[in-house]
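Every letter in the sequence shown is one number past the one before it in numbering that gives the first Met the number 0, and letter 69, counting from 1, is 68. Glycine is no exception: its CB is placed at the ideal position from the N, C-alpha and C atoms. All values derive from a computational prediction rather than experimental measurement. These notes concern the structure reproduced below.
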Amino acid sequence: MSETKKLNEGAKFAHATVGNVADFSGKAFLKDILGLTGVEVSFGTLEPGQAVPFFHAHKDNEEVYIILTGEGTFQVEGDTFPIASGSVVRVSTGASRNHKNNSNVPMNYICIQAKEGSLDRCTADDAIITETEWVSGFFRWAMGGSAV
Ligand code: ZN
Numbered sequence: 000m001s002e003t004k005k006l007n008e009g010a011k012f013a014h015a016t017v018g019n020v021a022d023f024s025g026k027a028f029l030k031d032i033l034g035l036t037g038v039e040v041s042f043g044t045l046e047p048g049q050a051v052p053f054f055h056a057h058k059d060n061e062e063v064y065i066i067l068t069g070e071g072t073f074q075v076e077g078d079t080f081p082i083a084s085g086s087v088v089r090v091s092t093g094a095s096r097n098h099k100n101n102s103n104v105p106m107n108y109i110c111i112q113a114k115e116g117s118l119d120r121c122t123a124d125d126a127i128i129t130e131t132e133w134v135s136g137f138f139r140w141a142m143g144g145s146a147v
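Okay, here's the thing in C-alpha cells:
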C-alpha cells in the first residue's frame with residue numbers, strides 16, 4: 000500500500016506525491032490532500048486477475064480512467080472492451096462500470112472525476128499567458144539543464 004504525502008504547499012498551490020507510479024499499490028484519493036474543488040483524482044491498482052470489487056455509477060460526475068500499466072477488460076453497462084497501458088476511458092453519469100486486470104502485472108490507473116457538463120472553458124479559452132520568470136536557483140526544465 001503506497002503512502003500519499005503532501006510535499007509542500009503555498010497560498011495558491013499544493014504538491015503531493017503517491018511515490019513512484021510504477022511501484023504504486025492500493026487506492027489513493029487526492030481531493031483532501033490537495034484541496035481539490037472541481038475534480039477528484041485518484042490512483043488505483045488492480046492486482047493480476049483482480050477487478051474493482053463492485054460495479055458503480057455516479058449521479059453527477061463523469062469519470063476518465065487512464066490506464067498506466069497492465070491489460071484487461073472494461074465494462075460499461077452491457078458493453079465490454081479491452082484496455083491496456085495508454086487506454087483512456089470516459090464514462091458518463093448514470094452508467095454502471097467496472098474494470099478488470101487480465102494481465103500478469105499490476106494494473107495501475109488514474110481516475111479523474113468532474114461534474115458532467117461543467118467544462119465550459121479550457122486550454123486556450125481559459126489560459127492566460129503571463130510574464131512570470133523562473134525563480135533563481137531552480138533547475139532548468141530541459142534535460143541536462145543546470146541551476147540558474
Ligand atoms: Zn467512480
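What does a CB cutoff of less than 6 Å around VAL75 pick up in its chain, not counting 5 residues either side in sequence?
For the purposes of this step, residue 75 is identified with residue 76 of the sequence shown, where counting begins at 1. So the qualifying residues of the chain are VAL90, ALA94 and ARG96.
How close, in whole Å, do the beta carbons of ILE111 and VAL63 come, if the pair is a contact with beta carbons under 8 Å?
Numbered from its first residue, the sequence shown carries residue 111 at position 112. Numbered from its first residue, the sequence shown carries residue 63 at position 64. Going by Cβ atoms, the distance from ILE111 to VAL63 rounds to 5 Å, so yes, they are a contact pair.
Count the other CB atoms, across all protein chains shown, that sit within 10 Å of the CB of MET106; report buried if there are 16 or more and exposed otherwise.
As a working mapping, residue 106 is identified with position 107 in the sequence shown. MET106 is buried by the Cβ-count criterion.
Are the Cβ atoms of ALA50 and LYS114 separated by less than 7 Å?
Taking the sequence shown and counting its residues from 1, one reaches residue 50 at position 51. Taking the sequence shown and counting its residues from 1, one reaches residue 114 at position 115. Going by C-beta atoms, ALA50 is not nearer than 7 Å to LYS114.
Hey, is GLU62 close to ligand 1, as in C-beta under 6 Å from one of its heavy atoms?
Here residue 62 is taken as the residue at index 63 of the sequence shown, counted from 1. Flag set: Cβ of GLU62 near ligand 1.
What three-state label does DSSP hand ASP125 in the structure shown?
Locating residue 125 in the sequence shown gives position 126, where the first residue counts as 1. If DSSP states are grouped into helix, strand and coil, ASP125 belongs with coil.
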